[in-house]
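Engineer: Structure in C-alpha cells, see below.
Number of protein chains: 2
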Amino acid sequence: MTLPHPTADQISLPIVLAVLGDPTRLAIVRYLASKEGVPMNCSKFLDLASKTNLSYHLAKLREAGVTRAEAVGTSRLITLRRDDLDRRFPGLLDSVIAAASEDKALPVVGTVDAEIDS
Amino acid sequence: MTLPHPTADQISLPIVLAVLGDPTRLAIVRYLASKEGVPMNCSKFLDLASKTNLSYHLAKLREAGVTRAEAVGTSRLITLRRDDLDRRFPGLLDSVIAAASEDKALPVVGTVDAEIDS
DNA sequence: TCCTTAGTTCAAAAGTTATTGAACAATTGG
DNA sequence: CCAATTGTTCAATAACTTTTGAACTAAGGA
Numbered sequence: 001m002t003l004p005h006p007t008a009d010q011i012s013l014p015i016v017l018a019v020l021g022d023p024t025r026l027a028i029v030r031y032l033a034s035k036e037g038v039p040m041n042c043s044k045f046l047d048l049a050s051k052t053n054l055s056y057h058l059a060k061l062r063e064a065g066v067t068r069a070e071a072v073g074t075s076r077l078i079t080l081r082r083d084d085l086d087r088r089f090p091g092l093l094d095s096v097i098a099a100a101s102e103d104k105a106l107p108v109v110g111t112v113d114a115e116i117d118s
Numbered sequence: 001m002t003l004p005h006p007t008a009d010q011i012s013l014p015i016v017l018a019v020l021g022d023p024t025r026l027a028i029v030r031y032l033a034s035k036e037g038v039p040m041n042c043s044k045f046l047d048l049a050s051k052t053n054l055s056y057h058l059a060k061l062r063e064a065g066v067t068r069a070e071a072v073g074t075s076r077l078i079t080l081r082r083d084d085l086d087r088r089f090p091g092l093l094d095s096v097i098a099a100a101s102e103d104k105a106l107p108v109v110g111t112v113d114a115e116i117d118s
C-alpha cells in the first residue's frame, strides 16, 4: 500500500459522516458494500462523475479511512475498510448502507454501462 | 409548531449525514440524546458557539429533520426526532450517538457553565 | 410602558469543498 | 520503443458553508 491511509484509531467520526454526506461518495460506498470482498477499480464509478472528480472523491473516502486503495499495476484496487469502521463505530456502516440501499434519490453504480466481466 | 420541519419521509440520508458531520452539531445531538425527553432551549449550547452561529447550526439540524423545535414564549424547545430517524434509518442514530460519546475530540455541552436548574 | 431575555434575520466576509481541463506519471501490451 | 490504459496532480473557478456583527422581533416582567 503506497497511498496514504489513516490508521484505524485516527479515523474521526465527524470526518467520516461528512465524507458520507455526499451522494456520489455514498453511492460508491453502497456499491462497494454490495460487492464486499471484491476489490473495485476506479473506472467502475465513471458513470457517477468525471475521472478527475472521481479521483477527488475516492481520495476523500480513502483519507477519511472509509476505503482502502491498493496500487496494482496502473489500477487502484478499492475496498471498504469494514473491519476498522466496525471496530471504531459499531453498527454505523451497516445502518448507513442499509439506509442508502433504500434511498431512491441516490445515484447508482452500474446502470449506464452493462457489467463487463473480465 | 411554527418553524419549518421536513416530514419524516422528506428526511434525506446524505443531508442528515452531512449535517451530523460537523463537530458543533454532533455535540448538540450527543447532548440532546443524553437528556432524551427533556426539551432543551438554545442557550444551553452557548458554550459551543455564538448566539447567531448557534441559530444557524440549530436551523441546519431542524431543516435536516434531526431535531424538532417548538416555540414556547421567547424560547425554542429543542428535541431529537428519534422516532422519525429510527423509522427512516434504523440503527443510525444509536450508532452515531454511541460513537460520538466515545469521541474525545468532540466539544462537550455543559462544561463551561455549571448546570443551572430553573 | 419600558426593559430584559431569547432568539432570528440579514448582508458581508472568510473559509471550504466540488468541479473542470490540461498536463503529467506509470504500467502494460504490441 | 510506442501507444494505450489508468489514474494523479495542478491551478482555476464555481459553489457552497460557516462565522460575524448589527439590527430586529416577540414575549414577559417590573
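These protein sequences, in sequence, are chains S and W. No gaps in the numbering here: position 19 of the first sequence is 19 in full-length UniProt numbering, and each next residue is one more. No gaps in the numbering here: position 13 of the second sequence is 13 in full-length UniProt numbering, and each next residue is one more. All residues carry an ideal CB built from backbone N, CA and C; glycine is no exception.
Under 8 Å: do the stretch 88-108 of chain S and the stretch 15-35 of chain S share three or more Cβ pairs, one atom per stretch?
Structural biologist: In short, these stretches touch, since the Cβ pair count reaches three.
Engineer: Closest to W/G37 by CA distance: which of W/G110, W/A99, W/L77 and W/S101 is it?
Structural biologist: Among W/G110, W/A99, W/L77 and W/S101, the Cα nearest to that of W/G37 belongs to W/L77.
Engineer: Given W/R81, which residues of its chain have a CB within under 7 Å of its CB, disregarding the five upstream and five downstream residues?
Structural biologist: Hits under 7 Å: G65, V66, T67 and R68.
Engineer: For S/G21, does the count of other Cβ atoms within 10 angstroms reach 16, so buried, or fall short, so exposed?
Structural biologist: Under this definition S/G21 is a buried residue.
Engineer: Which residue marks the beginning of the beta strand (DSSP E) containing W/L77, and which one marks its end?
Structural biologist: Unbroken beta strand (DSSP E) run through W/L77: S75 to L80.
Engineer: Can you find a C-beta in chain S that's less than 9 Å from the C-beta of residue 127 of chain W?
Structural biologist: As shown, chain W starts at 1 and ends at 118. That puts residue 127 of chain W outside it, with no answer to give.
Engineer: In this structure, how does DSSP classify S/V96 when only helix, strand and coil are distinguished?
Structural biologist: Reduced to three states, the DSSP call for S/V96 is helix.
Engineer: Give the straight-line distance between the Cα atoms of S/P107 and S/T24, rounded to the nearest whole angstrom.
Structural biologist: Each residue's Cα considered, the two are about 7 Å apart.
Engineer: Taking all protein chains shown into account, do 16 or more other C-beta atoms lie within 10 angstroms of the C-beta of W/D9, making it buried, or fewer, making it exposed?
Structural biologist: When all chains shown are included, W/D9 counts as exposed.
Engineer: If you drop the 5 nearest sequence neighbours on each side, which residues of the same chain put their C-beta closer than 8 Å to that of S/E102?
Structural biologist: Closer than 8 Å at the Cβ level, and outside the excluded window around S/E102, lies no residue.
Engineer: Just verifying my parser: in three-state terms, what is the DSSP assignment at W/V72?
Structural biologist: In this structure, W/V72 counts as strand in the three-state DSSP scheme.
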